[in-house]
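Here's the structure we're looking at; comments come further down.
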Amino acid sequence: MASTPSATATFCATLVDEWIRIGVRHAVLSPGSRSTPMALALSARTEISLHVFHDERSASFAALGIGQHDGVPAVLLCTSGTAAVQFHAAVVEADHAHVPMLVCTADRPPELQGVGAPQTINQTNLYGSSTRLFIDAGVADDRHSSKWRAIARDSFSAAMDINPGPVQITL
3 MASTPSATAT FCATLVDEWI RIGVRHAVLS PGSRSTPMAL ALSARTEISL HVFHDERSAS
63 FAALGIGQHD GVPAVLLCTS GTAAVQFHAA VVEADHAHVP MLVCTADRPP ELQGVGAPQT
123 INQTNLYGSS TRLFIDAGVA DDRHSSKWRA IARDSFSAAM DINPGPVQIT L
């Protein structure tokens, strides 16, 4: 089932609302088309300090620094395709240094996966054993809205667990 723009916007706003409720105060993003719904949800909230970088590698290390300084994960957001690969070094650093990080990688719709569509890579467990949890949020669908807050809570909890570190959520 294809996601509707309103379902996607509500999904992203719900994640952001829950992350704010449990303590997230910073988001670092590298803008792109696929990540726009989450970027808009983050920018709509005054409780979040938004840091924008056009270079994904720089963005990822900024998020790492925020997590080291605050002890609370920053949301790190990028668009689809190889943009997510640019986060890898900082994700590994966060893993080894036990720094919490919420890595949100926007993805293309399922019908564009595996068919050679541009800006499309397999993001499943992209960072391997360097993440504490991988969540494929799938296509936003209002029928699953009761699970959206749990995605935010589970990702935050895994990042802040006894062994803090990065969590990847594909959007």
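For the sequence shown, the numbering used here gives the first residue as 3, with consecutive numbering after it. No residue lacks a Cβ here, since even glycine has one placed at the ideal position from N, Cα and C. All of these numbers come straight from a predicted model, not from anything done at the bench.
Hey, how far is the Cα of Ala61 from the Cα of Ser37? Approximately 14 Å, taken between the alpha carbons.
How should Arg134 be labelled, buried or exposed, when 16 other C-beta atoms within 10 angstroms of its C-beta is the threshold for buried? Buried: at least 16 other Cβ atoms inside 10 Å.
Give a yes or no on whether the C-beta atoms belonging to Leu42 and Ala154 are separated by under 7 Å. No. Outside cutoff.
With Thr107 as the anchor, note down where its alpha helix (DSSP H) starts and where it stops. Counting along the chain, Thr107 falls outside any alpha helix (DSSP H), though it belongs to the beta strand (DSSP E) covering Met103 to Thr107.
Can you give the Cα-Cα distance for Asp143 and Ala91, rounded to whole angstroms? Each residue's alpha carbon lies about 33 Å from the other.
Bounding residues of the beta strand (DSSP E) (the contiguous stretch that carries Leu135): In the DSSP assignment, Leu135 falls within the beta strand (DSSP E) that extends over Leu135 to Asp138.
When the distance is taken between beta carbons, is Leu78 closer than 7 Å to Val141? The answer is no: Cβ separation not under 7 Å.
Neighbourhood of Glu95 by C-beta distance below 7 Å, restricted to the same chain and skipping five residues each side: Excluding sequence positions up to five before and after Glu95, its CB lies within less than 7 Å of the CB of Leu66, all in the same chain and listed in chain order.
Below 6 Å CB to CB, which residues in the same chain sit around Phe13 once its five sequence neighbours on both sides are set aside? Same-chain partners within the cutoff: Ala142 and Trp150.
Local Cβ density within 10 Å of Ile24, reported as buried at 16 or more and exposed below that: Exposed.
Considering only the alpha carbon of each residue, which of Gln70, Val74, His71 and Cys80 lies closest to Val105? Considering only alpha carbons, the answer is Cys80.
Please report the straight-line C-alpha distance between Thr107 and Val87, rounded to a whole angstrom. Using only the alpha carbons, I get a separation of about 10 Å.
Along the beta strand (DSSP E) that carries Leu170, what are the first and last residues, could you check? With the sequence shown as reference, residue 170 is identified as Gln, and Leu is not the correct amino acid for it. Its beta strand (DSSP E) spans residues Pro168 to Thr172.
Output needed for Thr126: all residues of its chain with C-beta closer than 8 Å, excluding positions within five of it in sequence on either side, in chain order. Answer for Thr126: Phe136, Asp138 and Thr172, listed in chain order.
Alpha-carbon to alpha-carbon, Val117 and Ala76: Roughly 33 Å separates the two Cα atoms.
Measure the beta-carbon distance from Pro102 to Ala64 and round it to whole angstroms, keeping in mind my assumption that it falls under 8 Å. Their Cβ separation, rounded to whole angstroms, is 14 Å, which puts Pro102 and Ala64 out of contact at 8 Å.
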